[in-house]
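Residue numbers (the numbering used here): 20 to 360.
Backbone N, C-alpha and C define an ideal beta-carbon position, used for all residues, glycine too.
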């Protein structure tokens, strides 16, 4: 197979199938918030109701009333935990981390402390502090009385964190065993979707690490290997889509689109095989340029599919802004009309 035929097959074959313990500032008063006469537990309950109805700022303001007092340990811990959940919902992960830090260090024996350590790890992951996230999960590992749901939740997140912190082999093994245990159930679909996308990320990182250099035969082998990694990653994203978790479907589409752009850049930066004549090298560059443009279109299609799905689902969280930015950075009008997938 010539490099040009292989490029065409590759382009066309795949389809997308620091701890802070500072007091929290109080921004409201009991009179204004209509909580006069309510106990701290009732205020927390009202805040949870607000959060579940989408009014996170109303919930935060009420929770700050409790946190700013000196109530019983359970009430203080519960308020901090709920405060962290509110900040997470608003994707203010630094603020959520500060709330969980206060919880686990000031109230380590509280009923919600184990959950606090777990949520703390999730925030650290979003902040790309993967090793610290791993240390946070170590506090949850020792928890007793975990049921199947909790054990799968912990094992999947531990596996994901191990992968993201550089221990891919151990992390993938843990993900594999937990995923197998959850097969055929409706348990932990969010983390199972996240795990599939994590596996796709590993495959795409491996593809990205293969340089298109050397002889014609070597470049053909490299392209075949990159194609196989891309195909496997597409299957992982399809598995995440089957679980119907919007965040991870969109994340998978983003990663795949970026992978096609990576391959486009790799092809454009590649050098013609050494044994080609000058005329052959000119033909090589022309063909590479043409099929690289096809990869740009495929990338755009993945990004646009994510934006479209987000609109269909009325989803506005991460990674939607990255999908929009990536799609709009590709100028389809500048590509030749012959460059179609």
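Out of 79, 93 and 198, state which residue places its alpha-carbon closest to the alpha-carbon of residue 105.
79
Go through its chain and collect everything with a Cβ distance to residue 171's Cβ below 7 Å, but skip five positions before and after it.
197, 200, 201, 206 and 207
By alpha-carbon positions, which one of 230, 325, 321 and 58 ends up nearest to residue 282?
230
So residue 122 and residue 145 are in contact, right, with Cβ under 8 Å, and what is the actual spacing, rounded?
Contact flag wrong, Cβ pair sits at about 18 Å.
For residue 352, the three-state DSSP class (helix, strand or coil):
helix
Reducing DSSP to helix, strand and coil, say where residue 202 ends up.
coil
Using beta-carbon positions only, say whether residue 107 and residue 337 come within less than 8 Å of one another.
no
Using DSSP with H/G/I as helix, E/B as strand and the rest coil, what is residue 341?
helix
Contact belief for residue 267 with residue 212 at Cβ below 8 Å, rounded distance in angstroms:
4 Å
Buried or exposed: which applies to residue 347, given that a residue is buried once 16 or more other Cβ atoms fall within 10 Å of its Cβ?
exposed
Helix, strand or coil at residue 347 [DSSP, three-state]:
helix
Apart from the five residues just before and just after residue 210, which ones in its own chain have a Cβ nearer than 8 Å to its Cβ?
171, 172, 175, 176 and 179
Specify, as a first and last residue, the run of the alpha helix (DSSP H) that residue 265 falls within.
265-288
Backbone secondary structure at residue 232 - three-state DSSP
coil
Which ranges does the alpha helix (DSSP H) cover as unbroken runs of at least 4 residues, wholly within the stretch 134-186, from first to last along the chain?
149-160 and 167-183
In whole angstroms, what is the alpha-carbon distance linking residue 117 and residue 67?
19 Å
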